[in-house]
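Take a look at the structure set out below.
Number of protein chains: 2
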Amino acid sequence: MNAFRSAALDDVDWKILAELQRDARLSYNELSRRVHLSAPSVAERVRRLEESGVITGYAARVDPERAGQPLLAFVQLRCARGQCLLRTSGAEDYPEIAEIHKLSGEYCTMLKVRSASLTHFEGFVERLGEHGEMRTHIVLSTQYDDRPLEPSVLEREVTDAEGWQRP
Amino acid sequence: MNAFRSAALDDVDWKILAELQRDARLSYNELSRRVHLSAPSVAERVRRLEESGVITGYAARVDPERAGQPLLAFVQLRCARGQCLLRTSGAEDYPEIAEIHKLSGEYCTMLKVRSASLTHFEGFVERLGEHGEMRTHIVLSTQYDDRPLEPSVLEREVTDAEGWQRP
DNA sequence: GGTGAAATTGAGATATG
DNA sequence: CATATCTCAATTTCACC
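Chains C and U supply the protein sequences, listed in that same order.
Start counting the first sequence at 12; every next residue gets the next number (the working numbering).
Start counting the second sequence at 12; every next residue gets the next number (the working numbering).
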């Protein structure tokens with residue numbers, strides 16, 4: 012897997028990622044201006060980021076509230092003795108489920124769920140309840156959702172250090 | 012707020028949203044083919060979706076693993092007597108935090124956190140630990156992350172019913 | 001909401017420094 | 001990797017049905 016990542020991301024790559032995470036429709040011209048590189052160079056870097064799987068695609072962001080699904084909740088599932096039930100019945104039966112994660116710990120599954128109202132959510136919980144014990148947390152408000160990925164602290168220290176050596 | 016949403020989304024709108032959530036860079040030509048409408052009509056609908064805030068933007072999707080942050084965890088914070096501490100110190104100090112939600116219940120905050128390794132995560136938890144009691148859930152694997160938003164079950168029933176009346 | 005045409009814009013390639 | 005230029009293609013946008 013690491014053979015695929017020819018090299019770690021440098022600061023220009025991260026700048027490109029930051030820009031494209033904010034606006035996926037930037038032209039190579041505009042991008043090149045913002046990262047202070049030529050258009051062909053940026054295009055080449057973006058191509059590499061796509062091919063190496065760092066950039067997995069480009070998606071429109073939809074506001075769940077404006078789209079009629081203002082209710083957000085986290086649901087922890089405690090699956091009966093090892094049989095995680097969302098493995099049997101696919102998530103396709105539950106369009107309300109936005110995310111599914113397997114956890115360490117007693118409650119083995121974490122779901123992020125969106126629905127149109129408390130009434131809908133109640134129905135969802137009832138349907139899902141057949142799968143095992145659960146614990147629900149209803150979200151009151153959201154400060155950040157899907158914040159753009161940034162270089163980790165360690166990476167920034169490294170590139171900063173490189174920056175000091177260069178000039 | 013509802014005055015802004017001139018009307019609810021119909022099935023063509025949802026089809027457009029589905030396509031653009033899968034590929035934000037579709038041209039109006041290609042989009043018009045997929046939703047069986049003319050290009051100017053699609054462009055007009057997209058413009059309305061953008062103006063009404065249903066579409067909030069277009070973003071590149073970045074694979075956190077390939078970008079060097081394979082570790083994902085949920086952290087529940089129990090803030091000391093009503094003072095939610097992420098209100099005082101901004102989330103900018105914690106670039107690892109991908110999401111912040113206020114919850115009902117004892118643990119008043121749910122964080123989604125990405126970091127480079129367990130070592131980094133340990134450091135993050137120590138830094139955050141000053142803010143209050145917490146409960147961490149480390150993610151072992153992820154089946155779905157940020158699944159595209161779909162019309163709610165109720166909406167689909169309604170539009171299906173409309174579909175029956177039309178022919 | 002559909003059609004068609006004109007004008008703008010951007011992508012891709014190539015050659016060179 | 002930067003610059004320059006060229007060509008080709010594609011999309012946007014407008015006016016009109």
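Don't be surprised by glycine CBs; every beta carbon is placed ideally from N, CA and C.
This structure is a prediction, so every number in the text was calculated from the model and none was measured.
Segment contact flag, the segment 56 to 71 of chain C with the segment 27 to 35 of chain U, C-beta cutoff 8 Å, min 3 pairs | yes
Using a C-beta cutoff of 8 Å, does L160/U count as contacting chain C?
-> yes
Whole-angstrom C-beta distance between E110/U and Y155/C, which should lie under 8 Å = 5 Å
Continuous beta strand (DSSP E) assignments of at least 3 residues falling wholly in the segment 37 to 97 of chain C | 66 to 73 and 82 to 90
Reference L82/U, options H131/U, L31/U and E141/U, closest by Cα | H131/U
Between D74/U, N40/U and H148/U, which lies nearest to L129/U when the distance is taken from Cα to Cα?
-> H148/U
Spatially closest choice to Y118/U from R146/U, A54/U, A19/U and P162/U, by CA coordinates | R146/U
Just by C-beta distance, which residues in the segment 105 to 132 of chain U are closer than 8 Å to chain C?
-> P106, E107, I108, A109, E110, I111, H112, K113, L114, S115, G116, Y118, M121, R125, S126, A127 and H131
Per-residue burial, F15/U [other beta carbons within 10 Å of its own, 16 or more giving buried] = Summary for F15/U: the model assigns pLDDT 45, below 50, so the residue's position carries little reliability, and this model does not support an answer.
For the candidate residues G64/U, S63/U, N40/U and V65/U, whose alpha-carbon lies nearest to that of A54/U?
-> N40/U
Looking at chain U, which residues of the segment 62 to 76 of chain C have a Cβ within less than 7 Å of any of its Cβ atoms?
-> S63, G64, V65, I66, T67, G68, Y69, A70, A71, R72, V73, D74 and P75
Run through DSSP, which three-state label would R125/U get?
-> strand
With a floor of 3 residues, list each beta strand (DSSP E) that falls wholly inside the segment 100 to 155 of chain U, ordered by position along the chain.
-> 108 to 114, 120 to 126 and 143 to 155
Residues of chain U with a CB under 9 Å from the CB of L28/C: which are they?
-> A71, V73 and A78
Check whether the Cβ atoms of V65/U and R77/C lie closer than 8 Å to each other.
-> yes
Just the chain U side, please: which residues come within less than 7 Å of S163/C by C-beta, in chain order?
-> G79, Q80, S126, A127 and H131
Quick one: which residues of the segment 46 to 57 of chain U get their C-beta closer than 7 Å to a C-beta of chain C? List them in chain order.
-> none
Close beta carbons around M12/U, own chain, < 6 Å, minus the five adjacent residues each side | Confidence at M12/U is low in this model, with a pLDDT of 40, below 50, so the placement of that residue should be treated as unreliable; the coordinate-derived value is given next. So no residue of the chain qualifies.
D22/U, enclosing alpha helix (DSSP H) - first and last residue | D22 to R33
Of all the residues that make up the segment 135 to 160 of chain U, which are near chain C by a beta-carbon distance shorter than 7 Å?
-> H148, I149, V150, L151, S152, T153, Q154, Y155, D156, D157, R158 and L160
Measuring CB to CB, does P159/U end up less than 8 Å from L160/C?
-> no
So which residues on chain U does L31/C lean against when the C-beta distance must stay under 7 Å?
-> A71
Contact set for R89/U: own chain, Cβ-Cβ below 7 Å, skip 5 residues either direction | E117, Y118, C119, G143, E144 and M145
CA nearest to the CA of V164/U, picked from L139/C, T153/C, G140/C and G134/C = G134/C
Spatial neighbours of R114/U in its chain, beta-carbon cut-off 7 Å, leaving aside the 5 residues before and after | Looking at the sequence itself, residue 114/U is Leu, so the reference to Arg does not match. Hits under 7 Å: T120 and M121.
Which term fits E173/U, buried or exposed, when burial requires 16 or more other beta carbons within 10 angstroms of its beta carbon?
-> With a pLDDT of 49 at E173/U, under the threshold of 50, the predicted position of this residue should be treated as unreliable, though the coordinate-derived value follows. By the neighbour-count rule (16 or more Cβ atoms within 10 Å), E173/U is not buried but exposed.
Closer than 7 Å by C-beta to A91/C: which residues in its own chain qualify, once you throw out the five before and the five after it? Chain order, please.
-> G143
In chain U, which residues lie less than 9 Å from D34/C when you measure between Cβ atoms?
-> G68, Y69, A70 and A71
Nearest to D21/C by CA position, among R44/C, R138/C, V86/C and R59/C, is which residue?
-> R59/C
Is the beta carbon of C90/C within less than 7 Å of some heavy atom of the ligand ADP?
-> Among the components modelled here there is no ligand, and therefore nothing to report on the ligand ADP.
Taking Cβ positions, are R56/U and V23/U nearer each other than 8 Å?
-> yes
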